[in-house]
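Counting in our numbering, the sequence shown runs without a single skipped number right up to 130 at its last residue. Glycine included, each C-beta is placed from N, C-alpha and C at the ideal position. Predicted model, so just to flag it, every value in this text is computed and none were measured. Here is the structure we will look at, set down as structure tokens.
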Amino acid sequence: MKAGFFVLVFPDRSLFKMDSPFMAAYARLAVQTCHRRGASASAAWRRKFLSKTNPAANERALEKVRLDKLRDFRIGHDGTWVAHPGLVAVAEGGFNEHMPGASQLFIYPDGIVGA
């Protein structure tokens with residue numbers, strides 16, 4: 016008998032965003048797990064880079080980062096990181112503006128993940 020082979024199919028990454036149901040459940044579960052253990056939950060980085068020549072593209076990128084980081088804060092993340100130094104102020108601004116203290120360890124997102 017001949018050995019078989021596997022075919023792996025991966026999702027289109029452009030359609031697989033953090034606000035998709037699977038990734039939103041993953042983010043809530045990560046915060047729940049970290050906070051239950053007394054650890055800070057750090058949000059994922061936003062894969063946006065700034066352009067030296069296109070200010071309009073930069074504004075769109077900064078707005079997307081701002082919205083992503085606001086969502087991360089609302090889920091209960093305690094901090095975040097970014098891929099480009101030009102995004103630090105935007106990411107940090109949302110957390111500094113809304114965070115009541117040094118962390119959100121008291122936040123436990125919705126009890127049932129994936130519901």
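For L23, same chain residues with a beta-carbon under 6 Å away, outside a window of 5 residues either side, do not exist. Straight-line measurement puts the Cα of L65 at about 26 Å from the Cα of A39. With distances taken between CA atoms, L85 lies nearest to W60 out of F31, A54, W60 and C49. In the DSSP secondary-structure assignment, S57 is bridged to G94. At the C-beta level, G101 and S57 stay beyond 7 Å of one another. Distance from the CA of V46 to the CA of G53, rounded to the nearest whole angstrom, comes to 10 Å. Leaving aside the five residues that flank A72 on each side, the residues in its chain whose CB is nearer than 7 Å to its CB run, in chain order, S66. Ranked by Cα distance from R43, the first of L30, D87, F110 and V103 is D87. Annotation for L44: the continuous alpha helix (DSSP H) segment containing it runs P36 to R51. V103 sits in a helix when the DSSP states are folded into three classes.
In this structure G91 is buried. Its beta-carbon is surrounded by 16 or more other beta-carbon atoms within 10 angstroms.
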